[in-house]
Amino acid sequence: MAIQRCLVQIVKTYKLRHHLQSNIRQTYCMLCLKYSTAGSSRKYTDRHEWVTIDKDIGTVGVSEYAQESLGDVVFAQLPDPGTDLKAGDECGALESVKAASEIYSPLSGTVTEKNKDVEDKPALINTSCYDKGWLFRLKIIKQSEINDLMTEEEYKKFLKTDAEKPG
Amino acid sequence: MAQAMVKRIVSSSACTFAGLAQKTYIRNVAASSKVAASKKERVLPTEGEITKSVFMSQSTDIYTNLALEDWLYKNMDFTNHHVMMVWRNEPCVVIGRHQNPWLEANVPLLSEKEIALARRNSGGGTVYHDRGNLNITFFTPRERYDRNYNLKLIKRALFRSFGIKSTINERQDLIVRDKYKVSGTAAKLGRLTGYHHCTLLVNANKADLSKALAKREHGIQTKATASTRSEVANLKDLDNRITVENLQTALGYEYLRTPALHLDDGGQSLIAKQRGFQFVNPTDDWFPGLAELKNDLVSWDWCFGRTPMFTVSRSFPVPIGLLAPSKVYSATQELVINMTVEKGLINDVTLSIPPGLIESGFHGEASVITHLKGKRFTSEALNALQDAMLTRHHVSDVKELDDKEQFVAKCFDQVVNTM
Chain A
1 MAIQRCLVQI VKTYKLRHHL QSNIRQTYCM LCLKYSTAGS SRKYTDRHEW VTIDKDIGTV
61 GVSEYAQESL GDVVFAQLPD PGTDLKAGDE CGALESVKAA SEIYSPLSGT VTEKNKDVED
121 KPALINTSCY DKGWLFRLKI IKQSEINDLM TEEEYKKFLK TDAEKPG
Chain B
1 MAQAMVKRIV SSSACTFAGL AQKTYIRNVA ASSKVAASKK ERVLPTEGEI TKSVFMSQST
61 DIYTNLALED WLYKNMDFTN HHVMMVWRNE PCVVIGRHQN PWLEANVPLL SEKEIALARR
121 NSGGGTVYHD RGNLNITFFT PRERYDRNYN LKLIKRALFR SFGIKSTINE RQDLIVRDKY
181 KVSGTAAKLG RLTGYHHCTL LVNANKADLS KALAKREHGI QTKATASTRS EVANLKDLDN
241 RITVENLQTA LGYEYLRTPA LHLDDGGQSL IAKQRGFQFV NPTDDWFPGL AELKNDLVSW
301 DWCFGRTPMF TVSRSFPVPI GLLAPSKVYS ATQELVINMT VEKGLINDVT LSIPPGLIES
361 GFHGEASVIT HLKGKRFTSE ALNALQDAML TRHHVSDVKE LDDKEQFVAK CFDQVVNTM
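Which chain is which? The protein sequence lines are A and B, in order.
Residue numbering for the first sequence follows full-length UniProt numbering, beginning at 1 and increasing consecutively.
Residue numbering for the second sequence follows full-length UniProt numbering, beginning at 1 and increasing consecutively.
Pasting the structure below:
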């Protein structure tokens with residue numbers, strides 16, 4: 001009787017563990033998918049900013065490459081909502097290891113929102129540059145400018161040639 | 001030799017600058033077309049194609065020199081021509097781009113001793129300058145910005161000319177005798193150009209330096225970039241032959257004899273290939289638009305108004321004489337002042353008045369809060385407060401604040417003057 005109960009218990013635990021594991025595996029897969037950069041609709045500038053576009057709103061941040069070369073970001077100066085920007089305009093700065101690096105707007109438009117979490121905790125740019133570390137959103141006024149930006153693939157190619165350059 | 005070289009270049013400097021100004025316009029056109037074709041890459045020259053110049057600023061005004069730096073950063077093309085600029089200033093405190101002046105400097109002392117306060121465009125911490133301190137700016141294309149190369153070059157110059165041994169620590173400070181900092185570093189990186197500038201203490205007034213940067217009780221909380229305090233030394237203490245003048249000549253020659261992209265000694269033959277030393281007179285005639293840049297740098301809105309949002313919280317024990325007799329022996333009677341300051345302007349004020357002060361007849365709270373909002377975080381706010389409290393007096397012949405009002409005003413004075 002005791003043995004039987006014990007067996008049932010073991011089977012139950014096994015089943016539960018199996019169930020949990022498969023669940024975990026599933027979530028992990030979903031996470032992979034969520035954070036994978038393959039096939040994303042992100043567009044890039046040659047100054048390592050990225051932008052994702054949802055209808056007429058663009059979300060801007062800096063790329064993994066930029067984040068790495070900056071080092072620990074200690075201060076983020078972001079454009080205030082309402083600021084009118086032209087593509088290529090200086091619109092803020094990121095400070096890391098005693099250097100202030102300018103941020104340039106990838107597109108023309110009006111700033112609708114800045115990421116207050118990044119202002120409070122600039123390290124988000126280092127830990128999550130494509131997700132929680134976004135910098136600001138803007139209402140795009142010239143859709144045609146999107147074609148001037150690089151796709152994920154083009155940007156990767158650009159990084160490769162950039163890295164191969166001497167100096 | 002040095003004298004002769006400098007003189008030779010002075011005579012030719014006028015024509016050099018005519019050429020420089022012309023090139024500026026070409027660069028502006030090039031920059032605007034660059035935006036449209038953002039995928040296009042810039043082709044950088046090989047090391048042999050790069051020439052170097054040493055610019056010697058003839059101004060000792062901090063705002064003029066920062067404007068000149070900014071002008072060169074914005075308008076000059078450094079692709080084929082790397083520049084090192086040497087400059088020095090009358091006594092001043094220079095804070096980093098994202099710093100809080102009230103937290104970093106002894107603001108009341110600065111105005112008393114006529115020490116200027118300036119905010120620069122680069123990152124990093126606060127430094128003190130005077131005539132005994134040499135500033136060096138290295139301009140290169142963004143891709144060729146190399147702080148380590150610059151610091152090592154300074155280190156080599158100190159050893160070659162004065163036999164001074166120094167090390168570069170992990171914070172990229174130049175250190176002598178194991179721990180004393182002689183140089184502070186900061187940088188600004190833009191789309192096309194990057195510059196690294198640093199200070200070198202030769203025989204600066206160390207007493208004024210530590211007084212101007214003294215840390216006091218201020219109750220300020222902020223996300224602004226903080227400075228790291230270090231013990232400093234003057235290079236003069238290591239070798240008393242050293243002066244700002246002979247150091248800038250030594251650094252200039254070291255810069256010219258070193259190839260543009262790696263540390264090596266090219267000797268006299270390399271010096272001869274460079275563009276040499278050039279005296280630079282930072283005026284609007286030589287650099288169109290310089291005056292406007294300077295006006296922005298001098299303004300209160302830039303120096304103080306660009307301070308990242310901060311809160312200040314201070315409490316002051318109320319003197320027994322001002323309390324209602326029934327409350328004298330109850331728990332601590334403190335006046336607590338909380339302020340939020342955004343863009344240098346007082347945004348939000350809360351005042352906690354202890355019961356003892358209210359019962360003894362102080363009613364100024366509402367006027368305090370409404371009259372401080374939107375005022376600059378300076379004595380201007382205090383004057384507005386005093387006027388507000390005075391107008392509350394119903395009898396028009398009373399021209400002075402009563403004891404309680406004076407006490408509150410004094411507390412506010414200590415907050416805005418961060419004493």
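Glycine included, every Cβ here is placed at the ideal spot set by N, Cα and C.
Quick one: is residue i buried, meaning 16 or more other Cβ sit within 10 Å of its Cβ, or exposed?
| i | result |
| --- | --- |
| residue 280 of chain B | buried |
| residue 159 of chain B | exposed |
| residue 48 of chain A | buried |
| residue 348 of chain B | exposed |
| residue 300 of chain B | exposed |
| residue 135 of chain B | buried |
| residue 101 of chain B | buried |
| residue 115 of chain A | buried |
| residue 216 of chain B | exposed |
Nearest chain B C-beta to residue i closer than 7 Å, yes or no?
| i | result |
| --- | --- |
| residue 75 of chain A | yes |
| residue 101 of chain A | yes |
| residue 42 of chain A | no |
| residue 137 of chain A | no |
| residue 127 of chain A | no |
| residue 32 of chain A | Low confidence applies here, because residue 32 of chain A scores a pLDDT of 39, under 50, leaving its location unreliable; read the following figure in that light. Chain B contact via Cβ: absent. |
| residue 98 of chain A | yes |
| residue 95 of chain A | yes |
With a cut-off of 7 Å, does the C-beta of residue i fall near any C-beta of chain C?
| i | result |
| --- | --- |
| residue 67 of chain B | Although the question refers to chain C, the structure presented lacks it and instead comprises the protein chains A and B. |
Determine the contact status of residue i and residue j, defining contact as a CB-CB distance below 7 Å.
| i | j | result |
| --- | --- | --- |
| residue 96 of chain A | residue 72 of chain A | yes |
| residue 56 of chain B | residue 86 of chain B | yes |
| residue 404 of chain B | residue 335 of chain B | no |
| residue 224 of chain B | residue 308 of chain B | yes |
| residue 58 of chain A | residue 159 of chain A | no |
| residue 54 of chain B | residue 132 of chain B | no |
| residue 98 of chain B | residue 147 of chain B | no |
| residue 108 of chain A | residue 87 of chain A | yes |
| residue 222 of chain B | residue 310 of chain B | yes |
Only counting the same chain, and skipping five residues up and downstream in sequence, which positions put a Cβ closer than 8 Å to that of residue i?
| i | result |
| --- | --- |
| residue 109 of chain B | 115, 211, 212 and 214 |
| residue 267 of chain B | 257 |
| residue 175 of chain B | 166, 167, 168, 169, 181 and 182 |
Checking contacts by CB at 7 Å: is residue i closer than that to chain A?
| i | result |
| --- | --- |
| residue 190 of chain B | yes |
| residue 374 of chain B | no |
| residue 344 of chain B | no |
| residue 81 of chain B | no |
| residue 119 of chain B | no |
| residue 197 of chain B | no |
| residue 124 of chain B | yes |
| residue 98 of chain B | yes |
| residue 39 of chain B | The predicted position of residue 39 of chain B is uncertain, since its pLDDT is 45 and thus under 50; no value can be drawn from it. |
| residue 409 of chain B | no |
| residue 27 of chain B | Per-residue confidence for residue 27 of chain B stands at a pLDDT of 45, beneath the threshold of 50, marking its modelled position as unreliable; the derived number appears in the next sentence. Chain A contact via Cβ: absent. |
| residue 258 of chain B | no |
| residue 185 of chain B | yes |
| residue 23 of chain B | Because residue 23 of chain B sits at a pLDDT of 42, beneath the cut-off of 50, its placement in the model cannot be relied upon, and the following sentence gives the value as read from the coordinates. So no, residue 23 of chain B is outside the interface. |
| residue 222 of chain B | no |
| residue 340 of chain B | no |
| residue 243 of chain B | no |
Going along the chain, which residues of its own chain have a beta-carbon closer than 6 Å to the beta-carbon of residue i, five neighbours each way excluded?
| i | result |
| --- | --- |
| residue 406 of chain B | none |
| residue 78 of chain B | 139, 140, 141 and 193 |
| residue 111 of chain A | 79, 81, 83, 136 and 138 |
| residue 173 of chain B | 181 |
| residue 352 of chain B | 336 |
| residue 263 of chain B | 152 |
Just reading off the alpha helix (DSSP H) that residue i is part of, what are its end residues?
| i | result |
| --- | --- |
| residue 412 of chain B | 403 to 416 |
| residue 238 of chain B | No alpha helix (DSSP H) holds residue 238 of chain B; DSSP gives it neither H nor E. |
| residue 63 of chain B | 62 to 75 |
| residue 65 of chain A | 64 to 70 |
Looking only at its chain, what residues have a beta carbon closer than 7 Å to the beta carbon of residue i, apart from the 5 residues adjacent to it on each side?
| i | result |
| --- | --- |
| residue 132 of chain A | 117 and 124 |
| residue 67 of chain A | 125, 126 and 129 |
| residue 118 of chain B | 62, 63, 66, 92, 94, 297 and 303 |
| residue 291 of chain B | 284 |
| residue 386 of chain B | 401 and 409 |
| residue 26 of chain A | Caution is warranted here: a pLDDT of 46 is assigned to residue 26 of chain A, below 50, making its placement in the model unreliable, and no coordinate value can be reported. |
The beta strand (DSSP E) that contains residue i, what's its start and end?
| i | result |
| --- | --- |
| residue 203 of chain A | The structure shown does not extend to residue 203 of chain A, since chain A is modelled only from 1 to 167, so the question has no answer here. |
| residue 102 of chain A | 99 to 104 |
| residue 346 of chain B | 345 to 352 |
| residue 116 of chain B | 116 to 119 |
| residue 180 of chain B | 180 to 183 |
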